[in-house]
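Heads up: the sequence shown begins at 124 in this note's numbering, then just goes up one per residue.
Accompanying notes for the structure given below.
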Amino acid sequence: MRPLHILKYMLVLCLLGNVLSCEDSSVKVEMLAYDPISDEMIYKVNTVETLADLGKLEGRATRLRGGVSIILDYLQEEVRWDRVGTPVAFSAVRIDDVYYPTDFDSLAMISVYYNIEQAMLFFESIGMPTGYLGRLDTYYRADVIEKMDPYIPEPEESVDNAFYLSISETDRGFYILPFAVEEGLINGVPLSMNPGVIAHEYSHAVFQESVYDKLPGYGIYMNEVNYGYLWALNEGIADLFAVALTGDPNFINPSISFRGVSRDASDVIIYDSSFDRNIINASQESFDPYQIGAFFSAAVYEMARRIQGLAADGPEIPKKGYRHLVAKATYNAIHNLGKQGAGQFEPADFFSYFVTQFEPGQASIICGVLIERFSIYYSEVDGCSAI
Ligand SMILES: [Zn+2]
């Protein structure tokens, strides 16, 4: 009888806890969100589905923490925590059934939670099991100092960035850095309020779990070129998932004025041998994973367009169903990659797994895109050479 009593007691506790601590509950909250159609930030009431505790912004998608301070010391190859952080306090007034945040941080924090939730639900819709990533904390307005240049011993805190970091198997999370403010104004759409940017970071968490964690001896036995290709795939499909979720091939544009290569998935990018030379010749510090990364996302985006029947390399955005189709195939492909080991990974390996996810008519369309954009390694894509 004893266990039953405990169970009952737990149930009572859950009910007393206002339902919030025991199951997902749905709340309507006004947020500030980027609207790609008008290219403006607009206030919008969204329904948040997975919060367990609205006051602390904790739920199935993530748990927000404030006041964190860390040093990422690339020179010593270690992470040092100055402050581990505390729960945040979300402040809002409730009018009818809608919560209206009463300060800027509350407005920003609920947007971050909502965007992470949207990314999680998107991945669940393409096959990710519930709870697959375990608990992921989100460090809001984290003080992060990155030591990477031996000639700058006391670098300033980083601003205007958002990233995913896996410190260990149990310590993984998203870092939302303070907003850069110039002359009292935030420049562009803050990264944390850009749903595509958050989906990109969420994808890194999925990739960590499904590929990097599965590699035997990852980081020890892998040579730098294979590591570079895998890093490029990680970045490229992160952009692709963000495009599939938002429907905006250039989702990052409102947030970042570009310094490096374009990451617009609607660009026509042909893989040529200079991409390989850039990997082979670059040091780990100078390597830019977005060159090959942008090739991956643009190629898969074009595959979605052509499977839908759109004209080659045109401006029309593929419909949601076709974006989901290629996102699901990408998700399955990286899982196969993780299962079978990606220690010798080269770009053709990804497409070999990807193309097998499709029925023959669609596979031949995919191979058609690869003939045009990936001709130098086309013969190494298993599913295509058979056609
Ligand atoms: Zn990234």
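Glycine is no exception: its CB is placed at the ideal position from the N, C-alpha and C atoms.
Only a predicted model underlies this, so the values are computations on that prediction, with no experimental measurement involved.
- DSSP, reduced to helix, strand and coil, places residue 288 within a strand of the structure shown.
- Around the beta carbon of residue 160, a 10 Å sphere encloses fewer than 16 other beta carbons of the protein chains shown; the residue is thus reported as exposed.
- Rounded to whole angstroms, residue 247 and residue 300 show a C-alpha spacing of 27 Å.
- Scanning the stretch 310 to 396 from its first residue to its last, the whole alpha helix (DSSP H) runs of 4-plus residues come out as 318 to 333 and 347 to 369.
- Assignment of residue 183 by DSSP, reduced to helix, strand and coil, places it in the coil class.
- For the pair of segments examined, the stretch 390 to 397 was found to touch the stretch 490 to 500: the number of CB pairs separated by less than 8 Å reaches three.
- Judged by the Cβ position, residue 269 fails to qualify as a neighbour of ligand 1 at the 6 Å threshold, every heavy atom of the ligand being at least this far.
- The beta carbons of residue 461 and residue 479 sit no closer together than 7 Å.
- Here residue 481 has 452 and 489 as same chain residues with Cβ atoms under 7 Å from its own Cβ, once five neighbours each way along the sequence are excluded.
- In its chain, beyond the 5 residues on either side, 205, 206 and 266 have a beta carbon closer than 6 Å to the beta carbon of residue 192.
- Counting along the chain, the unbroken alpha helix (DSSP H) around residue 430 starts and ends at 413 to 431.
- For residue 404 and residue 471, the gap between their C-alpha atoms comes out near 20 Å.
- Proximity annotation: ligand 1 has residues 323, 327, 358 and 361 in chain order, each selected because its CB is closer than 6 Å to a heavy atom of the ligand.
- Residue 264 carries a coil assignment under DSSP once its states are collapsed to helix, strand and coil.
- Taken through DSSP and simplified to helix, strand or coil, residue 471 comes out as helix.
- Under the three-state reduction of DSSP, residue 227 is assigned to helix.
- The Cβ atoms of residue 477 and residue 456 lie closer than 7 Å to each other.
- In the DSSP annotation of this structure, the continuous segment of the beta strand (DSSP E) that includes residue 156 starts and ends at 148 to 158.
- When only Cα atoms are considered, residue 283 and residue 420 end up about 24 Å apart.
- With contacts defined as CB atoms closer than 7 Å, residue 338 and residue 296 fail to qualify as a contacting pair.
- For residue 448, the uninterrupted alpha helix (DSSP H) segment begins and ends at 443 to 463.
- Judged by DSSP in its simplified three-state form, residue 501 adopts helix.
- Sorting 413, 468 and 219 by C-alpha distance to the C-alpha of residue 350 places 468 at the top.
- Taking C-beta separations shorter than 7 Å and ignoring five residues to either side along the sequence, the partners of residue 237 in its chain run 154, 169 and 171, following chain order.
- In the three-state scheme derived from DSSP, where H, G and I count as helix and E and B as strand, residue 240 is classed as helix.
- Taking C-alpha positions only, residue 432 is separated from residue 371 by approximately 19 Å.
- Around the CB of residue 278, fewer than 16 other CB atoms lie within 10 Å, so the residue is classed as exposed.
- The straight-line gap separating the alpha-carbon atoms of residue 399 and residue 416 is approximately 12 Å.
- Residue 276 sits exposed, since fewer than 16 C-beta atoms from the chains shown fall within 10 Å of its C-beta.
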